[in-house]
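Student:
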Amino acid sequence: MRWRKKKRVALALGAGGARGIAHIGVLRALEEERIPIDCIVGSSFGAIVGAIYSISMDSRKVETRIRNYIRSPSFKDTMDEIESIENETSRGFLERIHSSLKRGYFYTRALSRKSILTPETFVKNMKILIGDESFKDMHIPFKCLSVDLITGNPIGLDEGDLSLALQASSATPGFFPPVRLNNMLLVDGGVAEMVPLYLARTFNPDYVVGVDVTRDILPIQDPDEEISHSLDIVFRCYDISRDFMNIYESREVDCIIRPDIGSYSWTDFELFDTFVREGYLAARRKMRVLKKDIYWTC
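Counting from 5, one number per residue, gives the positions in the sequence shown under our numbering.
1) Closer than 6 Å by C-beta to Ile28: which residues in its own chain qualify, once you throw out the five before and the five after it? Chain order, please.
2) For Leu81, count neighbouring C-beta atoms within 10 Å of its own C-beta (all shown protein chains included) and say buried if the count is 16 or more, exposed if not.
3) Taking the alpha carbon of Glu282 as the reference point, which residue from Leu294, Trp270, Gly266, Thr271 has its own alpha carbon closest?
4) Taking 7 Å as the cut-off, decide whether the C-beta atoms of Leu189 and Ile221 are in contact.
5) Note down the Cα distance separating Glu229 from Arg240, rounded to an integer number of angstroms.
6) Using 8 Å as the Cβ pair cut-off and three pairs as the minimum, do the stretch 190-208 and the stretch 72-81 touch?
7) Using CA atoms only, rank isn't needed, just tell me which of Gly50, Asn72, Ala172, Pro181 is closest to Arg217.
8) Do Asp192 and Thr176 have their CB atoms nearer than 7 Å?
9) From Asp136 to Ile231, what distance separates their C-alpha atoms?
10) Under the rule that 16 or more other beta-carbon atoms within 10 Å means buried, what is Gln225, buried or exposed?
11) On the criterion of 16 or more Cβ atoms from any shown chain inside 10 Å, does Phe207 qualify as buried, or is it exposed?
12) With 16 as the cutoff for other CB atoms within 10 Å, does Asp277 come out buried or exposed?
13) Could you give the first and the last residue of the continuous beta strand (DSSP E) run that contains Gly214?
14) Classify Asp152: buried if its beta carbon has 16 or more other beta carbons within 10 angstroms, exposed otherwise.
15) Measure the Cβ-Cβ separation of Gly18 and Ser47 and say whether it is below 7 Å.
16) Using 7 Å as the threshold, is the C-beta distance between Tyr57 and Leu31 below it?
17) Can you round the beta-carbon distance between Val13 and Pro209 to whole angstroms, since I take them to be within the 8 Å contact cut?
18) I'd like the list of long-range same chain contacts for Ala114, defined as Cβ closer than 6 Å, with 5 residues on each side in sequence excluded.
19) Taking all protein chains shown into account, do 16 or more other C-beta atoms lie within 10 angstroms of the C-beta of Glu90, making it buried, or fewer, making it exposed?
20) Do Phe273 and the ligand NAP come close, with the Cβ less than 6 Å from some heavy atom?
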């Protein structure tokens, strides 16, 4: 049996904080089976992984760069600052922000500044990770997703300052400062799409592979404890809305890969190897479908 006539494939890498490390394992599995990637889009941490891969075209190099960054003093200082504000285990990336908002210290700080981390810290960290590389250095067409707070529109970024674009795509509301760019005020792409499927369609591909590193909404164990005032109700409703939106958007993708990492927090960067492994295994489980759909055989 011979393979021939492949389809043009877009890869959409979703948001999820540390869970986005699973994207590395997915990329490794796709490399091993020579599944073609003709264009990549990413949201938040998925944008960071996607950008580095679009430049290097090597999942091992992506892993090395991100692993070294996570081991750096700058990253550790940043995580210490975040952990000093919210030490409890949270359900997810944006959920952690919501639980933090209920704490008096965060609330007091939120009244005087737009984010927990200063813009200078945010820029420094992204520069350490990305360096001087730009969109012009990419071997695979790439776009990252952000959201304009001024207009409410999702924004796809594919030119200009790469480091600035990735800051905009991963500017988690409340923790990281919004990014000013071309009269826009940009925040995390996950606000619009946790998996940037519609942005992937702007490349006009024949086939879209989405990688979802979010977790399913969990039942409340103790309603009296977990829903004690109006803000708890508001945040719970947000959780439900986001979860349903993610389910319906995923139906628009040709193939969705979901690594089994739903019980872990967005800050569990020490589980690097676990995330990579689960991403790899999840992609391997989809290989037969991917080959059947992408290639014709003769």
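Where a beta carbon is used, it is the ideal one built from N, C-alpha and C, also for glycine.
Tutor: In short, the structure shows the following:
1) Ser63, Val66, Glu67, Val280
2) Strictly speaking, residue 81 in this sequence is Asp, with Leu absent from that position. So Asp81 ends up on the exposed side.
3) Gly266
4) no
5) 13 Å
6) no
7) In the sequence on display, residue 217 carries Val and not Arg. Checked all of Gly50, Asn72, Ala172, Pro181; the closest Cα to Val217 is Gly50.
8) yes
9) 47 Å
10) exposed
11) buried
12) exposed
13) 211-215
14) buried
15) yes
16) yes
17) 6 Å
18) Confidence at Ala114 is low in this model, with a pLDDT of 45, below 50, so its placement is unreliable and the value that follows should be read with caution. Taken in chain order, the list of residues that qualify is empty.
19) Legend: pLDDT at Glu90 = 46, less than 50; position of this residue unreliable, no value from coordinates given.
20) Questions concerning the ligand NAP fall outside what the structure shown contains, since it holds no ligand whatsoever.
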